[in-house]
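Chemist:
In our numbering, the protein residues as written are 46 to 624.
#1: Mind reading off the beta-carbon distance from residue 446 to residue 397? Whole number of angstroms is fine, and I expect it under 8 angstroms.
#2: Would residue 466 and residue 371 be called neighbours here (beta carbons separated by less than 8 angstroms)?
#3: Whole angstroms are fine: how far does the CA of residue 92 sit from the CA of residue 118?
#4: Mind listing, in chain order, the continuous beta strand (DSSP E) runs of no fewer than 3 residues lying wholly within the segment 525-580?
#5: Considering only C-alpha positions, which residue in the set 444, 407, 349 is nearest to residue 392?
#6: By Cβ distance, which residues of its chain are closer than 7 angstroms to residue 554, with the 5 residues on each side in sequence left out?
#7: For residue 292, which of 274, 312, 514, 100 has the nearest alpha-carbon?
#8: Roughly how many angstroms lie between the CA atoms of residue 459 and residue 108, to the nearest whole one?
#9: To which residues of the same chain is residue 226 closer than 7 angstroms at the C-beta, ignoring the five residues directly before and after it?
#10: Given that a residue counts as buried once 16 or more other Cβ atoms are within 10 Å of its Cβ, and exposed if not, what is residue 530?
#11: Could you tell me whether any Cβ in chain B is nearer than 8 angstroms to the Cβ of residue 529?
#12: Give the single residue among 115, 103, 102, 105 whose Cα lies nearest to the Cα of residue 89.
#13: For residue 97, report the span of its beta strand (DSSP E) as first-last.
#14: Let me check understanding here. Comparing Cα to Cα, which of 344, 152, 132 lies closest to residue 239?
#15: On the three-state DSSP scale, how would you describe residue 417?
#16: According to DSSP, simplified to helix, strand and coil, what is residue 392?
#17: So what's residue 283 in DSSP terms, helix, strand or just coil?
#18: By a C-beta neighbour count over all protein chains shown, 10 Å radius and 16 as the cutoff for buried, is residue 285 buried or exposed?
#19: Are the beta-carbon atoms belonging to residue 432 and residue 123 less than 8 angstroms from one another?
#20: Drop a sphere of 10 angstroms on the beta-carbon of residue 287, count the other beta-carbons inside from all chains shown, and report buried for 16 or more, exposed for fewer.
#21: Taking contact to mean 3 or more Cβ pairs, one atom from each stretch, closer than 8 angstroms, check whether the segment 579-587 and the segment 557-567 are in contact.
#22: Provide the residue(s) that pair with residue 56 in DSSP beta bridges, ordered along the chain.
#23: If we count the other Cβ atoms within 10 Å of its Cβ and call it buried at 16 or more, is residue 424 buried or exposed?
#24: When burial is assigned at 16 or more other CB atoms within 10 Å of the CB, is residue 334 buried or exposed?
#25: Can you grab the Cα-Cα spacing for the pair residue 47 / residue 515, in whole Å?
#26: Below 8 angstroms, can you find three or more Cβ-Cβ pairs linking the segment 98-105 to the segment 189-200?
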């Protein structure tokens, strides 16, 4: 072993008079850390702590460490999520020089900042976001196009104007890579003065933006576009829920309230449907997943789990952002500019073969021709399972078989979106790649940079892409873990109760069951007492040796909640009658 990944470990401290142990939260470490009394840093029995490993295990010796931070008693509100923050090394407070730099940025747009910008303040403009969003990156304007069709303007906060390359703000944003949206808090990439203030496209305020103006014909093709630095003023801040009620439920109160914006909303809905249909037609893979939002009380205790599906309101924003990202990426590709692309490579053949082994049991198959995999073949299966009981599980397993999207200085295309050129341009307040490509675009708008600068940018884009990919992965894992944590806690009140669910994973030691509310728990093989069950890897199933009874991925079962362990973040189920 040349280098250990975990120099610090988060866990629970257990103390025995002269010494103690830290039991790591991350069970993959599989070994407790020994702490002598003088290294316990004021920690008490049962505290969540951060321990620095001072000596790694040798032979039969435990690893040793000293406690460098006491997070508080494990049961204290907020300590659970704070443990996740520490585990993933998510930075919280901004360094003083970063905050000072942010303070020097004016709170409003100054008259002298309008030079060289397209003035779009008279253009009718709205934002559509979640009700609790504070960092508003994108705004939209739409009008009838010059030759039929539409003129779509997507305005993105001009963060690159405020966060200069190499500044303290920029260095900190690079380290963070992304804003992190945990279940009970946001850890922003930029200080709130920028992210919720001057950079956020708040209604009624003049804001600097980068605007992509696209003329789109009735078939949904971009026939003309330009990318311009601009100044805008958002007329109304709308929420997804309001837009959904206006468009789908014809809500009379909201329709009256937004009377001046109804024609635009109708145009947005029509255009987004055309863009969506086009994407599917060219082979984009459209997974049908819902999100689970955990509703917390003041103390951070989970009160409810809310399922959220994508509606026409989310689709409008999603489609408009995708076409903007594609337009910008292709523009920069043909300029041969050093750039950060968002890439998603096609899945490995081995993974698709494994996927087909599983799909075969359900009567589906992803076509592979001459070793080539097209996104069409994936979408074909997703279309077939739509509305069927196994839809969710097939969606999940197909997603697992795919590669992870990442950032790259090379344009490798986007398999899932079936896009030849793709980048992330539309969220510079909360994603570092968007911020850096804004600056590159601005530079190229002034003319092609010199040879040395291009060479320098080529080096930087490779570093930016790698760091952003690493930080995105950490953020996603932390976000997922924080939600899982609260979902487990939520189930404590249902001990002993019976639920319907679907087998979502099968292993040699049992099978996982996902309930309707998105919560997952384990039925351990030792609780299946009616037979001796053996794991069938190809079929992803447990098979009873005598009864030949089978428990397969996607089967529906009825389970009882028998144990909820918030510390280990695990729920144990047992079968309760047959489903």
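All C-beta atoms in this analysis are idealised placements derived from N, C-alpha and C, irrespective of residue type, glycine included.
Modeler: Quick look at the numbers:
#1: 6 angstroms
#2: yes
#3: 4 angstroms
#4: 543-552, 555-560, 565-569
#5: 444
#6: 569, 570
#7: 312
#8: 44 angstroms
#9: 524
#10: buried
#11: No chain B appears in the structure shown, which is made up of a single protein chain.
#12: 115
#13: 92-100
#14: 152
#15: strand
#16: coil
#17: strand
#18: buried
#19: no
#20: buried
#21: no
#22: 69, 94
#23: buried
#24: exposed
#25: Model confidence at residue 47 stands at a pLDDT of 43, short of 50, so the residue's coordinates are unreliable; what they give is reported in the following sentence. Those two C-alpha atoms are separated by around 21 angstroms.
#26: no
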